[in-house]
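See structure below.
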DNA sequence: GCAAAAGTGTTCATCGTACACCCATGC
DNA sequence: GCATGGGTGTACGATGAACACTTTTGC
């Protein structure tokens, strides 16, 4: 036996929701789709799964192709499978969400795709069911970041506490008391204060911090409270 | 255009991790696989996705086939995709986890599959990568149940607080102070006390409770604390 | 009457929240 | 010298944890 009988076969794809933070707004990276159907429309970066790779490998390959980066935070989100989601042919697509330091990303690497960062509040229309994928990714990010320190993946390796606070405030569309915020994040033991300051945001300057990678990996799976009242959040 | 060119096509399947609770132990339902390869071995209930259905529909169809039940709690878990996970032919399988009231399930419905409940601690060897699927499902259940009231899906519609506590203690392999436990669960406002008692577990009997469905659905997505110290749990 | 499980309250420590002032610097 | 953003401490209330005794009833 070298085949299962009487079963229908289809294509498998991955689509990547790539989040970045520019200091102001949470954004995602979109490309202009390069082939029919919907050629030229804004789309998530994606591609078909090859015969010799699994989904994780496929999404890593595709992300490297677009951003030039590897080793970024990448998590399988959900598999989308409506029979008619792709009008050409049945294609089941697994969405991944990725978090990258927007500063590491350089546009020229993938000029052929015409990639652009879009603020989440001002997304263009997307093809197929990608709107739904983005919605789910947003929810997942908000959910997960309320409990785990994944937001650091969106920041450079040196960052300031006001930067971090901006990020949380922007993701949760809220404001947080800065005294309580800094107490909370410092209490986690995840941050190591540096000697230098970032003078770009103010005259006085804000101290840089770096992640304590030891503690970061050790505590990644446990619950942390980075935002007030996570118990009452609704997602 | 009615096909994408030069892409490899494969099979898509779903596999279901079905959890139940017998009052003592958390269990999962396994069947004897009915076809080659690995025919006769213990396996998760699964099947191929048909051309006209999505993954949710496929898993519901398959669960109904095995248990006779529909409308049970069902959640997409993860898609498993190693190229050689099925030795016959490339098959990408999406795992679902299901929670059912073990008492509603009647074995005879699906005698042809020879289904059996196995305590999680004493699982037989499973085929392919199903061991990994079960591990992931266990982690997800523990994770999710620490924050959301999904464990009720494993109990009959009328249950007692000691039963509920047993369930939590068994899933987290721990013991909980009963005074604090009942305070916590009653404080959620999710339970409605009934007049009758369950006399099966003790001479005095324990009051039955039912879910307040209104509050249950309203609070499902928010965080609740059912177990002590969820902040310090590691999954 | 006794064994076995159900049910209930208080105290204390910890954590989370609200809140306001001084500091450093570039201009 | 002043405007701008950075940095810090305290007091109070809420929440979570530890802990022991009484009740009911079948045998």
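Chains as they are written, first to last, in UniProt numbering: chain A, 1 to 235; chain B, 1 to 235. No residue lacks a Cβ here, since even glycine has one placed at the ideal position from N, Cα and C. Bear in mind that the values here come from a model prediction, so they are computed numbers and not experimental data.
Can you tell me which of the options puts its alpha carbon nearest to the alpha carbon of residue i?
i, options, result
"residue 222 (chain A)", "A:195, A:144, A:167, A:157", "A:144"
"residue 76 (chain A)", "A:146, A:57, A:178, A:155", "A:57"
"residue 198 (chain A)", "A:188, A:136, A:209", "A:209"
"residue 27 (chain A)", "A:79, A:121, A:109, A:204", "A:121"
"residue 73 (chain A)", "A:155, A:24, A:10", "A:155"
"residue 104 (chain A)", "A:45, A:71, A:24, A:186", "A:71"
"residue 236 (chain A)", "A:111, A:135, A:136", "Not covered by the structure: residue 236 (chain A). The range shown for chain A is 1 to 235."
"residue 207 (chain B)", "B:196, B:214, B:217", "B:196"
"residue 42 (chain A)", "A:4, A:15, A:22, A:201", "A:15"
"residue 44 (chain A)", "A:184, A:178, A:134", "A:134"
"residue 183 (chain A)", "A:130, A:227, A:38, A:48", "A:227"
"residue 126 (chain A)", "A:1, A:205, A:37, A:174", "A:37"
"residue 219 (chain B)", "B:200, B:78, B:205, B:189", "B:189"
"residue 3 (chain B)", "A:2, A:1, A:35, A:7", "A:35"
"residue 49 (chain A)", "B:7, B:49, B:170", "B:7"
"residue 23 (chain B)", "B:174, B:179, B:163, B:215", "B:163"
Using the Cβ count rule (16 or more neighbours within 10 Å means buried), how would you classify residue i?
i, result
"residue 52 (chain B)", "exposed"
"residue 159 (chain A)", "buried"
"residue 157 (chain B)", "exposed"
"residue 40 (chain A)", "exposed"
"residue 119 (chain B)", "exposed"
"residue 60 (chain B)", "buried"
"residue 65 (chain B)", "exposed"
"residue 67 (chain B)", "buried"
"residue 5 (chain A)", "exposed"
"residue 86 (chain A)", "buried"
"residue 213 (chain B)", "exposed"
"residue 102 (chain A)", "buried"
"residue 90 (chain A)", "buried"
"residue 137 (chain B)", "buried"
"residue 130 (chain B)", "buried"
Do residue j and residue i come within 9 Å of each other at the CB atom, strictly closer than that value?
i, j, result
"residue 63 (chain A)", "residue 152 (chain A)", "no"
"residue 128 (chain A)", "residue 17 (chain A)", "no"
"residue 176 (chain B)", "residue 194 (chain B)", "no"
"residue 30 (chain B)", "residue 115 (chain B)", "yes"
"residue 224 (chain B)", "residue 124 (chain B)", "no"
"residue 100 (chain A)", "residue 20 (chain A)", "yes"
"residue 141 (chain A)", "residue 161 (chain A)", "no"
"residue 81 (chain B)", "residue 88 (chain B)", "no"
"residue 181 (chain A)", "residue 172 (chain A)", "no"
"residue 94 (chain A)", "residue 13 (chain A)", "yes"
"residue 9 (chain A)", "residue 47 (chain B)", "no"
"residue 79 (chain A)", "residue 186 (chain B)", "no"
"residue 170 (chain B)", "residue 25 (chain B)", "yes"
Specify, as a first and last residue, the run of the alpha helix (DSSP H) that residue i falls within.
i, result
"residue 166 (chain A)", "161-172"
"residue 62 (chain B)", "55-67"
"residue 132 (chain B)", "130-147"
"residue 187 (chain A)", "178-187"
Where does the unbroken beta strand (DSSP E) through residue i begin, and where does it stop?
i, result
"residue 191 (chain A)", "191-198"
"residue 91 (chain A)", "91-99"
"residue 13 (chain A)", "11-21"
"residue 118 (chain B)", "116-119"
"residue 45 (chain B)", "45-48"
"residue 216 (chain B)", "Looking at the DSSP string, residue 216 (chain B) is not in any beta strand (DSSP E); the run it does join, the alpha helix (DSSP H), is 213-219."
"residue 73 (chain A)", "73-80"
"residue 30 (chain A)", "26-32"
Positions along the stretch 69-97 of chain B whose CB lies within less than 9 Å of some CB in chain A
76, 78, 79, 80, 81, 82, 83, 85, 86, 88, 89, 90, 91, 92, 94
Query raised in the report: At a Cβ cut of 7 Å, what residues of the stretch 189-218 of chain B count as close to chain A, listed as they run along the chain?
Result: none
**Asked** When you check each C-beta in the stretch 128-156 of chain B against every C-beta of chain A, which residues fall closer than 7 Å?
**Response** none
Using Cβ-Cβ distances below 9 Å, what residues of the stretch 167-186 of chain A are close to chain B? Listed by position, the residues of the stretch 167-186 of chain A near chain B (Cβ gap below 9 Å) amount to none.
Requested in this report: Can you give me, in chain order, the residues of the stretch 23-36 of chain B that have a beta carbon less than 8 Å from any beta carbon in chain A?
Outcome: Listed in sequence order: 36.
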